[in-house]
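Using the numbering used here, count along the sequence shown one by one with no gaps and you end on 442. Just so you know, even glycine gets a beta-carbon here, dropped at the ideal spot from N, CA and C.
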Amino acid sequence: MQKKEPIQISSLGEFIGWVKQLDFKKCLFRGVPNAEYRIQASAYRRPKEENRNLEKFLQINKHLIADARLRGHGERDGRELGDLEILAQLQHFGAATCLIDFTHNAQVALYFACQKDSKWEKNQRDSENPPDGKVYAVPNDPLNFKKVTPDLLKEKISYFLPRSQPYGRDRQLYHWEPGYQNNRIIAQQSVFVFGAPEIDENEACIIEEECKKDILIELEQVSGINEAMLFPDFDGFSRLHREDTLYEELGASDYFRRAERAHSETQYEEAILNYDKAIELDPQDSETYLWRALAKRALGQNRDTIDDLDKMVKINSNPHAFEMQGKVLSHMKEDRKAIAAFDKVIELDPDNPSCYIRRAIAKWNLRQYQETINDIDQHLQIEPDDFYAYRLRGKVNEDLGNLDEAKRDFQKALRFLSPNARSIGEIKSNIQRIEKRIVEKN
């Protein structure tokens, strides 16, 4: 494939556009913080440039594997590791090997391309500007790469790294996704590419240095990609808190994420503490009040739940906010308050069918039967094929003693059900019961 001139990227949207126009559907991506960096194995860069060759490249990796075995790092769970497995473990902890990190996820590669170049920072001159980043894309197909199978995994490293260039053809390249995958490999959707000390680029894009910070913010906001997500293991957690990392106070979004995690694990008191901090820092975020209300509801703190729901709709008086308020109040059996909330939804969005049916249920609970039927009728004008609405109206009509109307409603509900629906038996039973009552009445 002919090499194209890299295009300049200044936003996440532009990057996604670049990925979509690639000539190949399946590809692997690699992001580097300095656009001058080529696709090279880190072990190849260890010798001085004038001493780099295929023989030296193989020797470095063989010695690394041998030393690791001598130090007792050649086994895991009582099983002897293959050469590639040892190299993967060493690479995980920062050793220079023949393995080159790629990812299936283009946005993960973009994240790494948006990082600062630590080597440049160490050797920078005042007259130099920080470097642009770069994302490489290479086709992931059998013509480019041979997949490492369990049988190949048993081979020595010399099998994959021949000492000389094969005559008249390119060196065989391999791609390998380890069967034993730690959390970091999974999070980064990593794949190792190897077989040559350097790989030619097919397509690439340049990430403009002045846009790196904004793109990282976009990646976190849009895709949830950040350092904590990509390095979820203990080693990665330690990286987040290393000495040269600037300590930053937690923001409202940080506390909200902490609260979400605690909430999902039913640690409601811990969740509420973090929702409190998020609200303290951003008191105008209506969604946080909703989630704090749900946590308080789970703890049976009904009065505080209602207070938070009131605060939510005071900040954000849109139909969705009132609908959420009404749904939570309905679950709490606060039917009168729920009706008031659904009234607001219908006032703002009269074509919302679900709120008519929800308000109807609340009114039914309060035995406001005729108003219940009126709401169901409104709902059916918008969704005339809703079996649930006919079933509900059938129950209300039965409560009112309108047996003929109830029978017709249940028959209509039956008409709109699929043949295998679970409710068929219940509705048929309702019809039989009503028919029996009609006979008794007459």
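**Q.** Residue nearest to Ile7 in terms of C-alpha spacing, selected from Arg52, Glu203, Glu49, Leu161
**A.** For the purposes of this step, residue 7 is taken as the residue at position 7 of the sequence shown. Closest option to Ile7, Cα to Cα, is Glu203.
Q: Name the one or two DSSP bridge partners that Leu22 has.
A: Position 22 of the sequence shown, counting from 1, holds the residue named residue 22. Beta-bridge pairing links Leu22 to no other residue.
Q | 8 Å Cβ cutoff met for Val396 and Trp364 | A | On the sequence shown, residue 396 is found 396 positions in, with the first residue counted as 1. On the sequence shown, residue 364 is found 364 positions in, with the first residue counted as 1. In contact: Val396 and Trp364 (Cβ atoms closer than 8 Å).
(Q) For Pro353, report the span of its alpha helix (DSSP H) as first-last. (A) By 1-based counting over the sequence shown, the position of residue 353 is 353. First-last of the alpha helix (DSSP H) with Pro353: 353-365.
Q.
Threshold first: 3 residues or longer. Then list the beta strand (DSSP E) segments lying entirely within the region 174-240, N to C.
A. 174-176, 190-194, 203-207
Q. Gly94 bridges to which residues according to DSSP?
A. Taking the sequence shown and counting its residues from 1, the one referred to as residue 94 is at position 94. Beta-bridge pairing links Gly94 to no other residue.
Q.
Only counting the same chain, and skipping five residues up and downstream in sequence, which positions put a Cβ closer than 7 Å to that of Cys27?
A. As a working mapping, residue 27 is identified with position 27 in the sequence shown. Around Cys27: Ala137, Val138, Pro139, Asn140.
(Q) Measuring alpha carbon to alpha carbon, tell me which residue in Tyr174, Ser253, Leu110, Val193 is nearest Ser42. (A) Along the sequence shown, read from residue 1 onward, the residue named residue 42 stands at position 42. Out of Tyr174, Ser253, Leu110, Val193, Val193 has the C-alpha closest to the C-alpha of Ser42.
Q) Where do the N-terminal and C-terminal ends of the alpha helix (DSSP H) with Ala43 fall, by residue? A) Position 43 of the sequence shown, counted from the start, is the residue given in the question as residue 43. Counting along the chain, Ala43 falls outside any alpha helix (DSSP H), and DSSP gives it neither H nor E.
Q) Would you report the Cα separation of Glu435 and Glu426, rounded to the nearest angstrom? A) Taking the sequence shown and counting its residues from 1, one reaches residue 435 at position 435. Taking the sequence shown and counting its residues from 1, one reaches residue 426 at position 426. The alpha-carbon atoms of Glu435 and Glu426 are separated by roughly 14 Å.
Q) For Ile306, is the classification buried or exposed, using 16 other Cβ atoms within 10 angstroms of its Cβ as the cut-off for buried? A) Position 306 of the sequence shown, counted from the first residue, corresponds to residue 306. Buried.
Q.
By the three-class DSSP mapping on this structure, what secondary structure does Arg422 have?
A. Numbered from its first residue, the sequence shown carries residue 422 at position 422. Correct three-state label for Arg422: coil.
Q: Look at the alpha carbon of Ser11 and the alpha carbon of Pro142, and state the distance between them as a whole number of angstroms.
A: The count along the sequence shown starts at 1 and reaches residue 11 at position 11. The count along the sequence shown starts at 1 and reaches residue 142 at position 142. In a straight line, the C-alpha of Ser11 is about 32 Å away from that of Pro142.
Q) Would Ala295 pass as a contact of Leu309 if the rule is Cβ separation under 8 Å? A) Indexing the sequence shown from 1 puts residue 295 at position 295. Indexing the sequence shown from 1 puts residue 309 at position 309. Result no, Cβ atoms of Ala295 and Leu309 do not sit closer than 8 Å.
Q. Between Gln107 and Ile225, is the Cβ-Cβ spacing less than 8 Å?
A. Residue numbering aside, residue 107 sits at position 107 when the sequence shown is read from its first letter. Residue numbering aside, residue 225 sits at position 225 when the sequence shown is read from its first letter. Result yes, Cβ atoms of Gln107 and Ile225 sit closer than 8 Å.
Q: Identify every residue that forms a DSSP beta bridge with Cys27.
A: Translated into the one-based positions of the sequence shown, residue 27 becomes position 27. Pro139.
Q: Note the first and the last residue of the continuous beta strand (DSSP E) segment covering Thr103.
A: For the purposes of this step, residue 103 is identified with residue 103 of the sequence shown, where counting begins at 1. Residues 100-103.
Q. How about the region 383-402 and the region 341-357: do they share at least three Cβ pairs that are nearer than 8 Å?
A. Segment contact: the region 383-402 against the region 341-357, three or more CB-CB distances shorter than 8 Å; contact assigned.
(Q) Taking 8 Å as the limit between beta carbons, can you name the residues of its chain near Asn34, skipping five residues before and five after? (A) Taking the first residue of the sequence shown as position 1, residue 34 is located at position 34. Excluding positions up to five away in sequence, the list reads Asp117, Lys119, Trp120, Pro131, Asp132, Gly133, Lys134.
Q: Compute the Euclidean distance between the alpha carbons of Asn105 and Ala113, then round it to the nearest angstrom.
A: Residue numbering aside, residue 105 sits at position 105 when the sequence shown is read from its first letter. Residue numbering aside, residue 113 sits at position 113 when the sequence shown is read from its first letter. If I take the Cα positions, the gap works out to 13 Å.
**Q.** Exposure of Thr149, with buried meaning 16 or more beta-carbon neighbours within 10 Å
**A.** On the sequence shown, position 149 is the one that residue 149 refers to. Burial check for Thr149: the Cβ neighbour count within 10 Å stays below 16, so the residue is exposed.
Q. Considering only the beta carbon of each residue, do Arg393 and Ile376 sit closer than 8 Å?
A. Within the sequence shown, numbered from 1, the residue matching residue 393 stands at position 393. Within the sequence shown, numbered from 1, the residue matching residue 376 stands at position 376. Contact flag set, yes.
Q) What's the C-alpha gap between Leu152 and Asn53? A) As a position in the sequence shown, residue 152 is number 152, starting the count at 1. As a position in the sequence shown, residue 53 is number 53, starting the count at 1. C-alpha separation (whole angstroms): 25 Å.
Q. How would you label Tyr167, buried or exposed, when you count the other beta carbons within 10 angstroms and need 16 or more for buried?
A. Counted from its first residue, the sequence shown places residue 167 at position 167. Low per-residue confidence applies at Tyr167: pLDDT is 48, beneath 50, and the placement is therefore not dependable, though the value from the model is reported in the following sentence. Label assigned to Tyr167: exposed.
Q | Straight-line gap, Glu208 to Phe322 (C-alpha atoms, nearest Å) | A | Looking up residue 208 in the sequence shown gives position 208. Looking up residue 322 in the sequence shown gives position 322. Spanning the two alpha carbons is a distance of roughly 44 Å.
Q | Any alpha helix (DSSP H) of 4 or more consecutive residues that is wholly inside the region 365-424 | A | 369-382, 387-400, 403-415
Q. Can you tell which of Ile186, Ile438, Glu5, Phe15 has its C-alpha closest to the C-alpha of Ile219?
A. For the purposes of this step, residue 219 is taken as the residue at position 219 of the sequence shown. Here residue 219 turns out to be Leu, not Ile, going by the sequence shown. Out of Ile186, Ile438, Glu5, Phe15, Phe15 has the C-alpha closest to the C-alpha of Leu219.
Q.
Tell me which residue opens and which closes the alpha helix (DSSP H) that Gln325 is part of.
A. If you number the sequence shown from 1, residue 325 lands on position 325. That run of the alpha helix (DSSP H) goes 319-331.
Q: Rank Gln368, Glu201, Asn352, Ala362 by C-alpha distance to the C-alpha of Gln378 and give the top, closest one.
A: Counting from one through the sequence shown, the residue named residue 378 turns up at place 378. Distance check between Gln378 and each of Gln368, Glu201, Asn352, Ala362 places Asn352 closest, using alpha-carbon atoms only.
Q: Taking the CB atoms as reference points, tell me whether Leu161 and Cys98 lie closer together than 8 Å.
A: Your numbering for residue 161 matches position 161 in the sequence shown. Your numbering for residue 98 matches position 98 in the sequence shown. Yes; because the gap between Cβ atoms is below 8 Å, this pair is in contact.
Q) What alpha helix (DSSP H) runs, 4 residues minimum, are completely inside the region 267-312? A) Taking only runs of at least 4 residues, the alpha helix (DSSP H) segments lying wholly in the region 267-312 are 268-281, 286-298.
Q: Closer than 6 Å by C-beta to Glu334: which residues in its own chain qualify, once you throw out the five before and the five after it? Chain order, please.
A: Within the sequence shown, numbered from 1, the residue matching residue 334 stands at position 334. Here the set comprises nothing.
Q.
Considering only the alpha carbon of each residue, which of Pro319, Leu366, Gln368 lies closest to Cys350?
A. The residue labelled residue 350 in the question sits at position 350 within the sequence shown. According to the sequence displayed, residue 350 carries Pro and not Cys. Considering only alpha carbons, the answer is Pro319.
**Q.** Extent of the continuous alpha helix (DSSP H) to which Gln107 belongs
**A.** The residue labelled residue 107 in the question sits at position 107 within the sequence shown. Counting along the chain, the unbroken alpha helix (DSSP H) around Gln107 starts and ends at 106-113.
Q) Where Ser253 and Asn274 are concerned, what is the direct C-alpha to C-alpha distance, given to the nearest angstrom? A) Counting from one through the sequence shown, the residue named residue 253 turns up at place 253. Counting from one through the sequence shown, the residue named residue 274 turns up at place 274. Those two C-alpha atoms are separated by around 10 Å.
Q. If you follow the alpha helix (DSSP H) that Gln59 is part of, which residue opens it and which one closes it?
A. Sequence index remark: in the sequence shown, residue 59 carries index 59 (1-based). Per DSSP, Gln59 belongs to the alpha helix (DSSP H) from 54-70.
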